[in-house]
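The numbering of the sequence shown is the working numbering, which starts it at 2 and goes up by one.
Accompanying notes for the structure given below.
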Amino acid sequence: MTQRPDPSAEQRELRRISGQLDGLTDRIGTPRVLLVLLSVGAGILIIFGIREFNDIIAPVFFGINLVLAAAPLASWLRRRGVPKALAATAAGIAVLIFLFLFFYAIYYAIAAFVQEMPRYAPQFISLYNSALELLGSFGITTLQITQQLQGINPQSVVSAATGVLSNVGSVGSLLLVLLTVIFFLVLDLISIDDRMRISDMVNPRITEALVSFSQGVRRYWVVTTVFGIIVAVLDVVLLMAIGVPLALVWGVLSFITNYIPNIGFVLGLVPPALMALLDSGPVAALIVVIGYSVLNFVIQSLIQPKFTGDAVGVTPTISFLSLLFWASVLGPLGALLALPSTLLVKALLIDADPKMRWLNAFIASDPSTAKAGNITESFHGDDVPPDAEPGRG
């Protein structure tokens, strides 16, 4: 009969703690189901609270993500003798440059689309009538189709895009909160290494989880940005070769939707394919679909994961559910912040708690993270001094 191997010391310690907690629960007399219901209720209240203040929470968390992504620049400058204040300022300027280019690209794409779309009104109407005839051949009456689709026309599309372009109030408030948060985060960046080392000596598990989160989020944003630029450039080259109008606009759209997990590719594909259909016919639209699909599969499915590694940190199913959940909680920015938000919750509630790490076996991209680990590098990747050894508790 095969003898089971002895559990490791770590596993025995976790089982001992679990047994003590179970015994404490039994002595208190609180049913486990009641604890679960109380936790679920508290979680629901927190979610509704976040949704109520998402206009503040979303840009604040977005700013934290951007500063985390730029933090290695400050670390690199400090190692070369640049004062901490100047290094942090350089990182902040890099974040501001990225933000300016990001929002200007969005503005350019929407403005160019609004100006160009009315030129294709005749083609749109012709395509619309052809679709009505095709659906009518399947027994669907033109009256039924017209009642459902009568509001869809080039003018309504342009009006919607114009409304987005003119809605500068909400965008302005978002930018104001974002810029203010970035300013104060850059100030905190000057002393963050010392704070993290002290935190590691006091509570190494929480510090380990936060360091893991910052490293994963940093790698996620940097790699996603780099490959988003690569995909956008290749898409623009493809569209120009086919002769699709507004190729630069669709390249900007491809870059932005690259940040949206799972469905971003589809969101970036439909508009240029429709434009190719209106301008050059179904063959051009089919070439766009095939070209986008090949580029997406090769770059985003085969090459990008090798550079991203475990930065995403969760399975594809959890990634998709994160998109749906955080988009409903945080609003439009939730689509961009879906994975970082999930990684933060995972770091604080699962990775920092030895009793909860078993969940990583089911939700983490690397199931081995269900086992406890140690901090391997500091907040910026600097060496941890001997007097602040990671994981010491």
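All residues carry an ideal CB built from backbone N, CA and C; glycine is no exception.
Inter-residue CB distance, Ala-285 and Val-237 (contact presumed, cutoff 8 Å): Contact between Ala-285 and Val-237 does not hold, since the beta-carbon distance rounds to 15 Å and is not under 8 Å.
What are the boundary residues of the alpha helix (DSSP H) that includes Asp-397? For the chain, the structure presents residues 2 to 394; residue 397 sits outside this window and is missing.
Euclidean distance between Cα positions of Ser-399 and Val-37: This structure cannot speak to residue 399, because the chain is shown only from 2 to 394.
Compare the C-alpha of Leu-338 against each of Ser-320, Leu-349 and Phe-228 and name the closest. Here the closest residue by C-alpha is Ser-320.
Could you check the C-alpha separation between Leu-166 and Gln-124 for me, to the nearest Å? For Leu-166, the predicted structure reports a pLDDT of 46, less than 50, and the residue's modelled location is therefore unreliable. A value from the coordinates is still provided. Each residue's alpha carbon lies about 24 Å from the other.
Less than 8 Å between the CB atoms is what I'm expecting for Ala-233 and Ser-255, so what's the real figure, rounded? So it is a contact: roughly 5 Å between Cβ atoms.
Should Gly-394 be labelled buried (16 or more other beta-carbon atoms within 10 Å of its own) or exposed? Residue confidence is low: Gly-394 scores 36 on pLDDT, short of 50, so the model does not pin down where it sits. No coordinate-derived value is stated.
Flag this pair as touching only if the segment 263–277 and the segment 343–362 have three or more C-beta atom pairs under 8 Å; answer yes or no. The segment 263–277 vs the segment 343–362: no contact.
Can you check which of these residues, Ile-183, Leu-349 and Asn-361, is closest to Val-61 by C-alpha distance? It is Ile-183 whose Cα lies nearest to the Cα of Val-61.
Beta-carbon gap between Val-250 and Ala-95 smaller than 8 Å: A distance of 8 Å or more separates the beta carbons of Val-250 and Ala-95.
Would you kindly report the start and end of the unbroken alpha helix (DSSP H) that includes Ala-353? Where Ala-353 is concerned, there is no enclosing alpha helix (DSSP H), given that its DSSP letter is neither H nor E.
Host alpha helix (DSSP H) of Asp-236 (start-end): In the DSSP annotation of this structure, the continuous segment of the alpha helix (DSSP H) that includes Asp-236 starts and ends at 205–243.
Do you know how far the Cα of Leu-175 is from the Cα of Ala-248? Roughly 29 Å separates the two Cα atoms.
Using beta-carbon positions only, say whether Leu-340 and Tyr-221 come within less than 8 Å of one another. Against a cut-off of 8 Å, the Cβ pair of Tyr-221 and Leu-340 comes out as a contact.
From the DSSP secondary-structure annotation, give me the bridge partner or partners of Val-315. Answer is Ala-365, bridged to Val-315.
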